[in-house]
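Quick notes on the structure that follows.
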Amino acid sequence: MADPLPSHSENFAEWYNTIVQRADLADYGAAKGTMIIKPYGYALWENIQEYLNKRFKKHGAKNAFFPTFIPSSFIEKEKDHVEGFAPNLWLVTAGGGEVLEEAYAVRPTSETTINNTVGKWIQSYRDLPLLLNLWNSCFRYEMRTRLFLRTSEFLWQEGHTFHATWDEADEYARAILFDAYLDFYVNAAAMPVIAGRKSEKEKFPGADITYTLEGLMGDGRALQSCTSHNLGHNFAKSFDIRYLDRNNELQYVASTSWGLSTRSIGGIVMTHGDDKGLLMPPRLAPTQIVIVPIFRKEGEGAAVLEAAKRVMRDLDDYRVELDAREGLTPGFKYNDWEMRGVPIRLEIGPKDIEKNQVVLVRRDTGEKKFVPLAHLLDEVKMMLNHIHDTLYARAKKFQDDNTFSVDSYDEFKQRTAGEGGAGLLMAHWCGDRECETAIQQETRATIRVIPFDQVQEKGKCIRCGNESNGRVVFAKAY
RNA sequence: CGGGGCGUGGCGCAGUCCGGUAGCGCGCUUGGUUUGGGACCAUGAGGUCGGAGGUUCAAAUCCUCUCGCCCCGACCA
């Protein structure tokens, strides 16, 4: 523990790998590219789940479970889909010592198996909309992995909904993007994100439109934070899902799918962390307040612990931990909990008991405050909100400071040169896929998102000079 | 798949070139002194050196084969 962390500003990649493991969020699994999520990391995931479940349910989606094994022929039914996922597919080819007649794909995502099933559930317009959400893990073969950001197996939720019309599906996909995901990132994770849609090249294989939220990490690279797809009639046609409408006419359903993964944990780490370690956004923090009791002599110990436990009971509405570990100095504990990113530290010692007060220390600013017990609840509530606001404002300022309008390809190349991230580059683009591909090959920057609030502005494509109606967001991404 | 690196107590590493009874730091045990910003002293436990084969009186060290992991590129939530 005494080892210093790698520098957050100078060696971001190493900082990330070290802090994720040292703060007990996660560790490497025994199988290559897999991840063990430890209790502290999983508690964060549970808080994410709780927040999102409420929003999904508000929009009528119900949780269900679908099998991990998918007959491999299913994957092949949607043309774009199979092309998109084939390189990442895990296959189960044997069971019980026998080679299987048909190999099973290990779920890379559940569109195909869901569509295969719900065809039987949907006969009439009265069966619509059908709104499902799954919490599960997905498997994608990956060459290069990083804890939380890219692993061969990851946890996520995948929503799948079925609607009478394309427009209704589109509306639902947007509603989830805004009311669930954007709300989550802004109000829970304290992360500013840019909402918009993906280019044709970057969209989900099998989707008509992919909506997305794009975030900017502390090293200037972008992170796709979630996606919400309007799948249109593509899967309905591949899996022949039709219903009788009010006029007794057979219609294809329109569908959506939308997902947010444990990658979001990587996003939280990379957005808020600093040289001291993690910095948990208060509304998701597994531990919001840690109590560090302080005493010198044996005799003081019992009284201080007793007082600490009383304070803990007062703070029943919060996620509080009492650090009663023996033989560790307070200084060690301060550093330990700062490294783990707990938003508020509460110190209580003999002097405080005498004065009927406690000491609160903010993780984000280091500010120390002596608080009378009578005001503790109000103060904690306010402080957690302030920390949330501060984290969001900080991240927003970082995003603003690292967003650049770029008008020449020379400048574009200059900004994307080198190893690190390049920030968000707002540049004109002709809309042509070949230009997009060429830019990626020449600069390693991709179009992350075409913002909803794109300013209609005449300009010339950064690469080919053809006409463009507005800027899109380029970045080097995770 | 291309390039680089590494496998030695729980963790991080030295030792390998030049063969000779396996070492350091952290952590852990026990006892004592400490404790409002990363405590100290003493004590003890813990390793068939990734695996297989070979050379040798003798292999962590030399030879052959093999397995695995990490980092950097192309692909990707």
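Numbering (this note's numbering), first residue to last: 679 to 1156.
C-beta atoms are modelled at their ideal positions from N, C-alpha and C, and glycine is treated no differently.
Nearest-angstrom beta carbon gap, residue j and residue i [assumed within contact, 8 Å]
| i | j | result |
| --- | --- | --- |
| PHE763 | ILE748 | Going by Cβ atoms, the distance from PHE763 to ILE748 rounds to 11 Å, so no, they are not a contact pair. |
| ASP1078 | LEU683 | Between LEU683 and ASP1078 the Cβ distance is about 27 Å, and since that is not below 8 Å, they are no contact. |
| HIS1106 | CYS1139 | 5 Å |
| GLU1114 | LYS879 | 5 Å |
| TYR694 | MET948 | 6 Å |
| GLY893 | VAL864 | Contact flag wrong, Cβ pair sits at about 11 Å. |
| SER750 | ALA704 | About 30 Å; that fails the 8 Å criterion. |
| TYR1070 | ALA868 | 4 Å |
| GLY898 | ASN1080 | 6 Å |
9 Å Cβ cutoff met for residue i and residue j
| i | j | result |
| --- | --- | --- |
| ILE972 | GLY1027 | yes |
| GLY955 | ALA783 | no |
| GLY944 | THR905 | no |
| LYS1154 | ALA1123 | yes |
| MET1104 | PHE1076 | no |
| ASP733 | LEU767 | It is worth fixing the name first, because residue 733 is Arg in this sequence and not Asp. No, Cβ-Cβ distance for ARG733 and LEU767 is not below 9 Å. |
| LEU901 | ALA873 | no |
| ILE946 | PRO959 | yes |
| PHE744 | SER802 | no |
| HIS950 | ALA853 | no |
| TYR993 | VAL1058 | For the sequence presented, residue 993 should be read as Leu rather than Tyr. Against a cut-off of 9 Å, the Cβ pair of VAL1058 and LEU993 comes out as a contact. |
| TRP813 | ASN741 | yes |
| ALA885 | ASN912 | yes |
| ARG828 | TYR1156 | yes |
| SER916 | LYS755 | yes |
| GLY1148 | ASP1085 | no |
| ASN793 | ILE887 | no |
| VAL1151 | LEU1054 | no |
| LEU1024 | ILE967 | yes |
| TYR718 | ARG1003 | no |
| ARG1111 | SER877 | yes |
Cβ neighbours of residue i in the same chain (closer than 6 Å, five flanking residues each side left out)
| i | result |
| --- | --- |
| ASP848 | ASN908 |
| LEU809 | GLY738, ALA739, THR839 |
| MET679 | The predicted model places MET679 with a pLDDT of 42, which falls under 50 and marks its position as unreliable, so this point remains unresolved. |
| GLN1118 | THR1124 |
| ALA914 | TYR930, VAL931 |
| VAL698 | ALA704, LEU825 |
| ALA842 | TYR803, LEU806 |
| TYR850 | THR839, THR934 |
| ILE1031 | ALA985 |
| GLU831 | THR712, SER815, PHE817 |
| CYS1108 | CYS1139, CYS1142, ASN1144, SER1146 |
| GLY797 | PHE917, ILE919 |
| HIS686 | TRP693, ASP952, ASP953 |
Cross-strand partners of residue i (DSSP beta bridge)
| i | result |
| --- | --- |
| MET821 | Note: MET821 sits in no beta bridge, so no partner. |
| GLU1145 | LYS1138 |
| THR1081 | LEU1102 |
| LYS1033 | LYS1033 pairs with nothing; no bridge assigned. |
| THR1043 | According to DSSP, which records beta bridges pairwise, THR1043 is partnered with nothing at all. |
| VAL1049 | VAL1036 |
| PHE1152 | LEU1103, ILE1125 |
| THR934 | THR839, ASN908 |
| TRP834 | ASN814, SER939 |
| MET713 | TYR706 |
| LEU808 | PHE840 |
| GLN929 | TYR921 |
Cβ shell of residue i (< 8 Å), same chain only, five flanking positions each side left out
| i | result |
| --- | --- |
| GLU846 | PRO807, ALA932 |
| TYR729 | PHE862, ALA866, ARG961, LEU962 |
| LEU778 | VAL770, THR771, ALA772 |
| LYS987 | LEU1000 |
| TRP723 | ILE715, LEU833, THR940, ILE943 |
| GLU836 | THR787, SER788, ASN811, LEU812, ASN814, CYS816, SER935, TRP936, GLY937 |
Spatial neighbours of residue i in its chain, beta-carbon cut-off 7 Å, leaving aside the 5 residues before and after
| i | result |
| --- | --- |
| PRO1050 | ASN1034, GLN1035 |
| MET1061 | ILE1022, LEU1038, ARG1040 |
| TRP834 | CYS816, GLY937, LEU938, SER939, THR940 |
| ALA691 | none |
| THR1094 | ALA1100, THR1121, ARG1122, ALA1123, LYS1154 |
| PRO1008 | VAL970, ILE972 |
Any non-hydrogen atom of the ligand NAP within 8 Å of residue i CB
| i | result |
| --- | --- |
| HIS1066 | No copy of the ligand NAP appears in this structure; indeed no ligand is present at all. |
- beta strand (DSSP E) runs wholly inside the stretch 939-1026, at least 3 long, in chain order: 967-971, 998-1000, 1022-1026
- Task: At 4 residues or longer, and completely inside the stretch 729-803: list those alpha helix (DSSP H) runs for me, N to C.
- Result: Annotation: the stretch 729-803 contains the following complete segments of the alpha helix (DSSP H) (minimum length 4 residues), in chain order: 750-753, 757-763, 789-799.
- Task: Kindly provide the ranges of any alpha helix (DSSP H) runs that are 4 or more residues long and lie completely inside the stretch 1106-1139, ordered along the chain.
- Result: Complete alpha helix (DSSP H) runs here, min 4: 1111-1121.
- Message: Which runs of the alpha helix (DSSP H) at least 4 residues long sit entirely within the stretch 837-915? Give them in chain order.
- Response: 844-853
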